Amino acid sequence: MRFLCLHGLGDNAQVNPTGKPSRAILNRLLANSAAAIRYELSDDYTYEFVEGAIPWGPSNRNAVHSEAATFTYCHPEQEDSFLRAIQDLERFFEDEGPFDGVIGFSMGASLAITWLKLKQEALNRGDITSLPVNVVILFSVSHVYDYKVVEKGNPVEWDPSHAGIQLDVPSVHIWGSQDPSKSLGQRGTEFFRPDKLSTYVHERGHEIPSSMEEVPHVVKATNRAIAAISRV
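Taken in order, the sequence shown gives residues 75 to 306; the numbers are from the working numbering.
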């Protein structure tokens with residue numbers, strides 16, 4: 075399986091100071107992720123890590139190397155920047171795909187939802203025959219916006235109860251009980267069909283959990299969603 079991985083605001087795709095890649099999803103998204111993930115996730119998985127193009131101050135120094143530059147996919151207060159980020163994501167998928175799944179953290183998770191909602195609408199209209207991914211794994215979802223509403227100059231946060239049909243794809247949603255934005259993580263589940271989603275709430279903040287106690291829960295939820303693909 076091949077995954078597209080999207081980082082958060084003020085983050086990067088670096089895994090360690092030597093720049094050597096790791097096959098573990100969370101090690102790649104968060105430099106100090108637990109080593110157990112490397113062994114618990116399948117050797118058959120591969121990951122494509124897309125780094126934002128806009129320089130941005132680090133949002134969490136514990137999540138990136140102190141000497142590494144950090145980026146964002148879009149300026150969080152500029153509508154045109156947001157629209158370009160979704161367009162860039164679409165082009166990347168067309169140029170570098172196909173991918174079996176998307177893994178996103180924070181802003182990356184939110185952009186994935188916005189993009190997938192556009193694809194779900196296209197599917198419902200009959201413009202495409204299937205969604206472009208089979209599974210979605212999201213950590214600490216941030217604010218989600220409706221592309222079409224923002225396009226009209228109205229950057230109001232998307233209320234999932236008004237978002238129409240839910241995304242018909244297996245999904246995993248992970249957030250922290252100490253995250254000041256934990257309500258957004260929970261709210262993100264409402265964009266997806268409840269019968270195809272798994273959740274895990276860890277005891278940390280706005281971050282990807284990495285302790286030996288937390289990793290098995292993350293891996294279990296991830297594997298459960300991947301196993302659900304065959305039942306779709």
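For glycine and all other residues, C-beta sits at the position ideal for the given N, C-alpha and C. Note that this is a predicted model, so its numbers are computed, not measured.
How many Å lie between residue i and residue j at the Cα?
i	j	result
Asp279	Phe77	One point to set straight first is that residue 279 is Gly, not Asp, in the sequence displayed. C-alpha separation (whole angstroms): 25 Å.
Val275	Ile282	11 Å
Gly178	Glu195	21 Å
Ala108	Ile248	At Ala108 the pLDDT is 32, less than 50, meaning the model places this residue with poor confidence and gives no usable figure here.
Gln240	Glu168	23 Å
Val124	Val176	11 Å
Ile202	Gly171	16 Å
Glu164	Tyr121	17 Å
Asn101	Ser180	Any reading at Asn101 is ruled out, since the residue's pLDDT is 40, under 50, leaving its predicted position unreliable.
Ala295	Thr273	7 Å
Gln252	Glu277	6 Å
Met75	Ala299	13 Å
Thr146	Gly182	9 Å
Asp269	Glu288	24 Å
Ala237	Leu80	23 Å
Ala186	Gly262	11 Å
Pro254	Gly82	16 Å
Ser285	Leu197	39 Å
Ala301	Gln260	23 Å
Asp162	Glu231	21 Å
Using beta-carbon positions only, say whether residue i and residue j come within less than 8 Å of one another.
i	j	result
Glu153	Gly227	yes
Ser184	Ser216	yes
Pro229	Tyr219	yes
Val210	Phe173	no
Ser245	Leu205	no
Leu157	Val224	yes
Tyr221	Ile303	no
Have a look at the DSSP bridge pairing and note the partners of residue i.
i	result
Trp310	Residue coverage of the chain in this structure runs from 75 to 306, which leaves residue 310 outside it and unanswerable.
Tyr147	Bridge partners of Tyr147: none, in fact.
Arg76	Thr120
Phe266	Leu241
Of the choices the options, whose alpha-carbon is the least far from that of residue i?
i	options	result
Glu264	Ala301, Val289, Asn198 and Lys191	Lys191
Phe266	Glu277, Gly82, Glu122 and Thr188	Thr188
Val293	Glu231, Tyr119, Glu225 and Pro254	Tyr119
Phe213	Ala159, Lys222, Ser257 and Asp269	Ser257
Asp242	Ala301, Asp162, Asn297 and Lys193	Lys193
Taking 8 Å as the threshold (beta carbon to beta carbon), is residue i in contact with chain B?
i	result
Thr188	Among the chains of the structure shown, chain B does not appear; only one protein chain is present.
Worksheet item: Unbroken beta strand (DSSP E) runs of length 3 or more, entirely within the segment 149-237: which are they?
Response: 175-179 and 209-213
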